[in-house]
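Protein sequences appear in the order of chains A and B.
Throughout, this note's numbering is defined as the position within the first sequence, counted from one, plus 5.
Throughout, this note's numbering is defined as the position within the second sequence, counted from one, plus 5.
2 protein chains.
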Amino acid sequence: MVAEASRPLERREVEQLVREVLRERLRLRNTPLPAIERSATTRTSGPPNPLVVNVSARHMHVTPADLEVLFGPGAKLTKLKDLYQEGEFASEQLVTVVGPRQRIIPNVRILGPTRNYSQIELSYTDGIYLGIDLPLRISGNHENTPGCTVLGPKGAVQLSKGVIRAERHVHMSTADMDYYGVKDADYMKLRIAGPCGVTFDRVKVRYHPKVILEVHIDTDEGNACDLETATFMELTK
Amino acid sequence: MVAEASRPLERREVEQLVREVLRERLRLRNTPLPAIERSATTRTSGPPNPLVVNVSARHMHVTPADLEVLFGPGAKLTKLKDLYQEGEFASEQLVTVVGPRQRIIPNVRILGPTRNYSQIELSYTDGIYLGIDLPLRISGNHENTPGCTVLGPKGAVQLSKGVIRAERHVHMSTADMDYYGVKDADYMKLRIAGPCGVTFDRVKVRYHPKVILEVHIDTDEGNACDLETATFMELTK
Chain A
6 MVAEASRPLE
16 RREVEQLVRE
26 VLRERLRLRN
36 TPLPAIERSA
46 TTRTSGPPNP
56 LVVNVSARHM
66 HVTPADLEVL
76 FGPGAKLTKL
86 KDLYQEGEFA
96 SEQLVTVVGP
106 RQRIIPNVRI
116 LGPTRNYSQI
126 ELSYTDGIYL
136 GIDLPLRISG
146 NHENTPGCTV
156 LGPKGAVQLS
166 KGVIRAERHV
176 HMSTADMDYY
186 GVKDADYMKL
196 RIAGPCGVTF
206 DRVKVRYHPK
216 VILEVHIDTD
226 EGNACDLETA
236 TFMELTK
Chain B
6 MVAEASRPLE
16 RREVEQLVRE
26 VLRERLRLRN
36 TPLPAIERSA
46 TTRTSGPPNP
56 LVVNVSARHM
66 HVTPADLEVL
76 FGPGAKLTKL
86 KDLYQEGEFA
96 SEQLVTVVGP
106 RQRIIPNVRI
116 LGPTRNYSQI
126 ELSYTDGIYL
136 GIDLPLRISG
146 NHENTPGCTV
156 LGPKGAVQLS
166 KGVIRAERHV
176 HMSTADMDYY
186 GVKDADYMKL
196 RIAGPCGVTF
206 DRVKVRYHPK
216 VILEVHIDTD
226 EGNACDLETA
236 TFMELTK
């Protein structure tokens, strides 16, 4: 399958390569939604909210200004699907992320609403593929983070920073923190039992008055524990 | 970046696509070795062997017959690099794995020596990309496993089975099992401390008289815990 560089390509080889690329690009239009959701099946009497664990696939947050560069003047995010937290949504807008090795990841979904910063959240698997050494950060902390090029249908944005692996975290309201006996920025443990059982030893508490209990892990973490086949989930101090 | 299917491609677009594919393929010739190795820095006095944890990237094992189909009559595996276990090696031979969604993963390295079965070990991230629902298996257990197409420079092999996610495991000699107080097929826990701290709750013991202590996890697991930044590693019952 590796083409030789030392001889000119024959016409049939060119045609085959083009067909292959087009087939792949058409296929990628059917991009999956960014989250696989699992929740504990029985709601016990105690906690104010059920334990929900979501896998965040690679995604982008975007400023209104960057959105207009990528999708044209006046562009707005349009909703594909609501996410678990009220007001958050997966948009219909997709971008292509370009890394320093000239590799690309197409069809990266923008999660809305627009933010006051642009940010790309990738897994380490993505980072190795693209050639970006991803820093581990809580969303919005862009100190000493790398940038990248982002392509939209109407233009390209050169981000100077904001490409991160999101540190695994649990969104909590005051009621959730009271129930678990933790405070903002504490670390908790999340045990996922099953054939690929894993305990995530550092799950950071992120308080916000308007959220309800929800753990976010990335695709590396979701695949490591095979969240889909989990038989039991438990969040502890 | 998505080409329109409804109009013929212009010459410059064809050229650009071909250049893009060739650039990528040339780049991929520099494929990384299949394992990132971490070992505990201080060898404590007790254990017969130091704790070594290796990340296995996607790879293939191959029968002599399949090797000849892929690489031509009389083909032999040639050594690129020794692996940790004596006699095991990363070969110079690379294949392309083709999945049912017509997506491909190129540059999958064959690990030698040849086996009496052909097998492809992928991460769940790879499986989702290719469209293969990977069963979790110990190497060599191919009951109810899917197959796939494998391409080599001289031919293609249609595997009817043997495409798996390798169940995370620890290779042990009798001395290792005695030290940890475990037996073949037991499950142990591996704690990886660090910024992305994880405890793998199900690490299967695999006894063989000629091996020494070595944990194998896949790239999803290695990236979930960010093995490279680990500050402490511990294997327990």
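Virtual Cβ for every residue (Gly too), placed ideally from N, Cα, C.
In this structure, the alpha-carbon of A/Asn121 lies about 14 Å from that of A/Ile115. Proximity of chain B to A/Pro200 at the Cβ level (cut-off 9 Å) is accounted for by Leu141, Glu172 and Arg207, in chain order. The three-state secondary structure of A/Glu172, taken from DSSP, is coil. The beta carbon of A/Asn54 is closer than 7 Å to those of Asp181, Ile217 and Leu218 in its chain, skipping five residues each way along the sequence. Look at B/Gly79 here: in three-state DSSP terms it is coil, with no helix or strand label. Chain order gives the chain B residues near A/Thr224 as Thr130, where near means a beta carbon separation below 7 Å. A residue is called buried once 16 or more other Cβ atoms fall within 10 Å of its Cβ, and B/Pro151 is buried on that count. When secondary structure is reduced to three states using DSSP, A/Asn228 falls in the helix class. Under the criterion of beta carbons closer than 8 Å, A/Val208 and A/Lys242 do not qualify as touching, at roughly 10 Å.
Taking a contact as a CB-CB distance under 8 Å, the pair B/Ser128 and B/Asp223 counts as one, their CB atoms being some 5 Å apart. A straight line joining the alpha-carbon of A/Pro140 with that of B/Gly199 spans about 14 Å.
At least one CB of chain B lies nearer than 8 Å to the CB of A/Thr204. The C-beta of A/Asp231 comes closer than 8 Å to at least one C-beta of chain B. For the segment 143 to 154 of chain A, there are no residues whose beta carbon sits under 7 Å from a beta carbon of chain B. Nearest CB-CB separation between B/Asn59 and chain A: not below the 8 Å threshold. Contact check for A/Ile169 against A/Cys153 fails: the beta carbons are separated by 8 Å or more.
Below 8 Å, too few C-beta pairs join the segment 100 to 110 of chain B and the segment 223 to 234 of chain B to call them touching: fewer than three. The segment 185 to 235 of chain A contains, as complete alpha helix (DSSP H) runs of 4+ residues, the segments 224 to 229 (chain order). In this chain, the beta strand (DSSP E) harbouring A/Ile109 covers Ile109 to Gly117.
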